[in-house]
Amino acid sequence: MADTIIFYTNPMSRGQIARWMLEEVGAPYEQVLLDYGTTMKAPEYLAINPMGKVPAIVHDGRVVTECAAICAYLADAFPDAGLAPPINDRADYYRWLFFGAGPVEAAVTNRAMDWDVPADKQMMAGYGSFDATMDGLEAALTGKSWMCGAQFTATDVYVGAQIDWGLAFGSMPSRPAFADYVARLRERPAYQRQKAIDDALIAEAQGKKDGPSPG
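Just so we're aligned: 146 in full-length UniProt numbering is position 146 of the sequence shown, and the numbers increase by one with no gaps anywhere.
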């Protein structure tokens, strides 16, 4: 089938974001599971993504990496899913998609590694400070159902996954706007399908790692 997508992932990775997006668009896909440090770094996969990380998709011979790019690409490749606003109404769509890929990703990662930006260096950091980034994210959601208003879009898949994980693992502050948003996300059938698939894969991998229990 011409539209079948090859999806390279590991269930314990940001590949969960790409799978959620694939489930949202309803596109047929074939998953290829990769392991850290082995198949993810093998020449065959490095030819697809020289970074040696997942996720990646190949669609009709075209390679797309980086979660935000995968979400935006799939929204455009499968327009019937309605996951991108009309061209003339994409200001918030692009704004918050790239806010998630830039300031949010950097701020959360740096905080997790105990890297705090000194006050006199905040102008040099793309996100300024962790608190300013969280305030901006909260402002984007306040008074709206979704990042772009009434329409759920690919931006909600990407940014929503970050907030979902942030609340689950304590890497983002628990704020009412975040909690209410995540509750709405978790009601989506595509979100639930993705979680069921990846949770099962994680459990299977954990079972293989633990080995058979002694008799």
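For glycine and all other residues, C-beta sits at the position ideal for the given N, C-alpha and C.
Sequence-distant Cβ neighbours of Met-172 in its own chain, meaning closer than 7 Å and more than five residues away, are Val-108, Met-134, Ile-163, Gly-166, Phe-178.
Nearest in C-alpha terms to Lys-53, of all of Phe-78, Ile-87, Ser-13, Glu-23, is Ser-13. Residue burial annotation: Trp-146 is buried, with at least 16 other C-beta atoms found within 10 angstroms of its C-beta. The beta strand (DSSP E) runs lying completely inside the stretch 131-161 and spanning 3 residues or more number zero. DSSP, reduced to helix, strand and coil, places Ala-56 within a strand of the structure shown.
Runs of the alpha helix (DSSP H) lying entirely within the UniProt domain "GST N-terminal" (2-82) and spanning at least 4 residues, in chain order: 15-25, 43-46, 67-77. Taking Thr-142 as the centre and dropping the five residues before and after it, the same chain places the C-beta of Ala-177 closer than 8 Å to its C-beta, in chain order. Pro-11 and Leu-33 have their C-alpha atoms some 8 Å from each other. If you look at Val-108, you'll find it in the alpha helix (DSSP H) that goes 105-112. By the CB criterion at 9 Å, Gly-100 and Tyr-158 fall inside the cutoff. Sequence-distant partners of Leu-46 (beyond 5 residues in either direction) whose C-beta falls short of 6 Å from its own C-beta, in its chain, are Gly-52. The continuous alpha helix (DSSP H) containing Arg-184 extends over residues 176-185. Taking the Cα positions, Val-104 is about 8 Å away from Leu-137.
Taking each of Ile-87, Val-58, Met-40 in turn and checking the Cα distance to Leu-74, the smallest one comes out for Val-58. Thr-155 counts as buried, since at least 16 other C-beta atoms from the protein chains shown sit within 10 angstroms of its C-beta. Assigned with DSSP and collapsed to three states, Gln-122 falls in coil, not helix or strand.
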